[in-house]
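The numbering of the sequence shown is our numbering, which starts it at 48 and goes up by one. Heads up, the beta-carbon is just placed ideally off N, CA and C, and yes, glycines get one too.
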Amino acid sequence: MPGVVTVDTKPFEGQKPGTSGLRKKVKVFAQEHYTENFIQSILNANKDSLVGCTLVVGGDGRYLVKEVVDKIIKISAANGVARLLVGQNGILSTPAVSYLIRKYKTLGGIILSASHNPGGIDNDFGIKFNCANGGPAPDATTNQIYDITTTIKQYKVVPEINCDISKIGVSNFDVHGSKFTVEVIDSVNDYVAYMKEIFDFRQIKALIQGTPQRKPFNVLIDAMSGVTGPYVKRIFIDELGAKESNVRRIVPLEDFGGAHPDPNLTYAADLVNAVKGGDYDLGAAFDGDGDRNMIIGRNAFFVTPSDSLAVLANNLHHIPYFQRSGVQGYARSMPTAAAVDRVAAATGKEMFEVPTGWKYFGNLMDAGRLSLCGEESFGTGSDHVREKDGMWAALAWLSVIAATSQSVEDILKSHWAQFGRNYFTRYDYEECASNPCNEMMQYLEKTITSPGFVGSSHSSGDKTYVVKLADNFSYMDPIDQSVAMKQGLRIIFEDGSRIVLRLSGTGSSGATVRLYIDSYEAENVLGDAQVMLKPLIDVALKISQLQKYTGREAPTVIT
């Protein structure tokens, strides 16, 4: 009979989960006791419900996932967990974990991913806990986990338990007279079945394969060597009848093939160039753990995530799931362009602006007040799960295209003609020195909250912007009245344009500064985005003194 062993340990500094869990370099997680401490702290934070519970476990296939799954199995067995649902080879996309938690009514799930961050022995790893609603743990829970990491003295483990997670099947163990079960499941079956309930696969298949009346709609789907590879194969090739040439990089790799698994114009440039140079009607890319997406049309016509959210909001009636459930409200993260706000106003739906981090959408969804939401950081999702969902977003776009018989570009141009256009860009300055960045944020907050800043004018070229509102964004959850403070500095102008500056919580080292520019035009909707945005970018750089504080003349990434 396997026995429980109690291991003495000491706290590690800095095990504070960010917006999406704890992210550090692989070599940090590989330290003796480091990963075990954090896993034990997650379980301790759930101690009142732990004995006899079920947890979902899986990750994006990056370096260290299999080893950490083994640690989770051993520690869970020692702490009274009754059952683990583990993705085969440790593979489960983040939205799939969310769905499995909800479908099987588990206590929650442990996701092993650093999302869109690079993988491999010299790069990043991450651990995130999702709660019983399928969504990321709220602040109260992550704060509790962190508090436990600062005082932890012991963790418990059952060293003798060994499970082969490469094979689907059920393993049962007797741990001090209690049954402990590890069920290794097919990583994609449940999720694919759910997508077939949400969307009309026959309609999408007819679009992709073509009909006597319509030529095939040629797609190029890029899994970026991340977790979505098996999902792409099952859905696009096996279910929708696409060809092998319609998919790329569908084998999950521990280092993502040496690439950065972030679906944007910089890191998915291979896809952009392939679509630009080939006969493709739509390109889609997904990040390492499958929750982010990028959509481009013919000739690599780029759909900003803000526009993608707005277009889908205006077309949800084409998707069977919403035909059945109806459409409640819409929401976006604060830095996301306000394009969806205009759809909400036109359709009479509630509109919510929340801090960055998907967990802020969950309460609204659980209360039945939110159907569709998104973040400018290439995240789009609905209340079908409690995470953003890249595969869902691609299928939603294909549903709209099949129903409207319009190209990606024509759908966007029609949308802009009706609502106007929010030109949008994000400048990322990655791995900057932390202290000067903190000084910059303090300087800027003092500037924008000083007397006379509201009402001041700022000019560049032939454009002048008058400040209507400036603050450090705070949010009170309308469901539980919890408050999130200091969520990003924003300057809102009288014409609806906005500047937002914040420090990101998704990096593993240094500081990442993010500058967001949202420039609204009611009529001039077909201009070149960078030309249209330049005046407001110049104003933002001047007000923030960003180049002075970061020492950077140009951003690392522009999206």
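From the DSSP output, in three-state form, read off Ser555 for me. On the sequence shown, residue 555 is found 508 positions in, with the first residue counted as 1. Low local confidence applies: a pLDDT of 48 at Ser555 is under 50, so the model's placement there is unreliable, with the coordinate-based value given in what follows. Coil at Ser555, not helix or strand.
Of all the options Phe59, Ser504, Lys290, Thr597, which has the alpha carbon lying nearest to the alpha carbon of Val560? Mapped onto the sequence shown, residue 560 falls at position 513. When only C-alpha atoms are compared, the closest one is Thr597.
Is it right to say Leu363 is buried, meaning 16 or more other beta carbons lie within 10 angstroms of its own, or is it exposed? Locating residue 363 in the sequence shown gives position 316, counting from the first residue. When all chains shown are included, Leu363 counts as buried.
So, is Ala464 buried or exposed, given that buried needs 16 or more other C-beta atoms within 10 angstroms? Taking the sequence shown and counting its residues from 1, one reaches residue 464 at position 417. With fewer than 16 other Cβ atoms within 10 Å, it is exposed.
Would you tell me roughly how many angstroms separate the C-alpha atoms of Leu329 and Lys290, rounded to the nearest one? Taking the sequence shown and counting its residues from 1, the one referred to as residue 329 is at position 282. Taking the sequence shown and counting its residues from 1, the one referred to as residue 290 is at position 243. Rounded to the nearest angstrom, the two C-alpha atoms are 14 Å apart.
For Ile168, count neighbouring Cβ atoms within 10 angstroms of its own Cβ and tell me buried if that reaches 16, exposed if not. What you label residue 168 is simply residue 121 of the sequence shown in a count that begins at 1. Exposed: under 16 other Cβ atoms inside 10 Å.
I need the straight-line Cα distance from Ser503 to Asn469, nearest angstrom please. One-based indexing of the sequence shown puts residue 503 at position 456. One-based indexing of the sequence shown puts residue 469 at position 422. Between Ser503 and Asn469, the C-alpha separation is close to 22 Å.
Smallest Cα separation from Leu445: which of Thr53, Ile195, Ile282? Here residue 445 refers to the residue found at position 398 when the sequence shown is read from its first residue. Leu445 has its Cα closest to that of Ile282, out of Thr53, Ile195, Ile282.
Using a 10 Å radius around the Cβ and a threshold of 16 neighbouring Cβ atoms, would you call Leu419 buried or exposed? Taking the first residue of the sequence shown as 1, we reach residue 419 at position 372. With 16 or more Cβ atoms within 10 Å of its Cβ, Leu419 is classed as buried.
Can you check which of these residues, Tyr241, Pro206, Glu244, Leu580, is closest to Lys512 by C-alpha distance? Against the sequence shown, residue 512 aligns to sequence position 465. For the sequence presented, residue 512 should be read as Tyr rather than Lys. The shortest Cα separation from Tyr512 among Tyr241, Pro206, Glu244, Leu580 belongs to Leu580.
Are Asp269 and Phe348 closer than 9 Å when you measure CB to CB? Position 222 of the sequence shown, counting from 1, holds the residue named residue 269. Position 301 of the sequence shown, counting from 1, holds the residue named residue 348. No, the pair does not count as a contact, with Cβ atoms beyond the cut-off.
Cβ-based neighbour list, Asn519, same chain, cut-off 6 Å, excluding 5 preceding and 5 following: Taking the sequence shown and counting its residues from 1, one reaches residue 519 at position 472. Within the same chain, Asn519 has close Cβ partners Glu492, Lys533, Leu536.
Secondary structure at Thr427, three-state DSSP: helix, strand or coil? The residue given as residue 427 occupies position 380 in the sequence shown. DSSP places Thr427 in strand when its eight states are reduced to three.
Give the straight-line distance between the Cα atoms of Ser555 and Asp302, rounded to the nearest whole angstrom. In the sequence shown, counting from the first residue as 1, residue 555 sits at position 508. In the sequence shown, counting from the first residue as 1, residue 302 sits at position 255. Low local confidence applies: a pLDDT of 48 at Ser555 is under 50, so the model's placement there is unreliable, and no value is given.
Residues bridged to Ile212 (per DSSP): Translated into the one-based positions of the sequence shown, residue 212 becomes position 165. Note: Ile212 sits in no beta bridge, so no partner.
Could you check which residue in Gln62, Asp430, Ile564, Asn209 has the C-alpha nearest to that of Asp413? Walking along the sequence shown from the start, residue 413 turns up at place 366. Nearest option by C-alpha distance: Asp430.
Taking the C-alpha atoms as reference points, what is the distance between Gly499 and Asp542? In the sequence shown, counting from the first residue as 1, residue 499 sits at position 452. In the sequence shown, counting from the first residue as 1, residue 542 sits at position 495. Gly499 and Asp542: Cα-Cα distance of roughly 19 Å.
Around the C-beta of Thr383, are 16 or more other C-beta atoms found within 10 angstroms, so that it is buried, or is it exposed? Indexing the sequence shown from 1 puts residue 383 at position 336. Counting other Cβ atoms within 10 Å of its Cβ, Thr383 reaches 16 or more and is therefore classed as buried.
Whole-angstrom distance between Gln375 and Glu423, CA atom to CA atom: Numbered from its first residue, the sequence shown carries residue 423 at position 376. Numbered from its first residue, the sequence shown carries residue 375 at position 328. Rounded to the nearest angstrom, the two C-alpha atoms are 21 Å apart.
Gln87 burial status per 10 Å Cβ neighbour count (16 or more: buried): The residue given as residue 87 occupies position 40 in the sequence shown. Gln87 should be labelled buried.
Compute the Euclidean distance between the alpha carbons of Asn209 and Thr188, then round it to the nearest angstrom. Against the sequence shown, residue 209 aligns to sequence position 162. Against the sequence shown, residue 188 aligns to sequence position 141. Computed Cα separation, rounded: 30 Å.
Distance check for Thr394 and Ala601, CA to CA, integer angstroms please. Counted from its first residue, the sequence shown places residue 601 at position 554. Counted from its first residue, the sequence shown places residue 394 at position 347. Approximately 40 Å between the Cα atoms of the pair.
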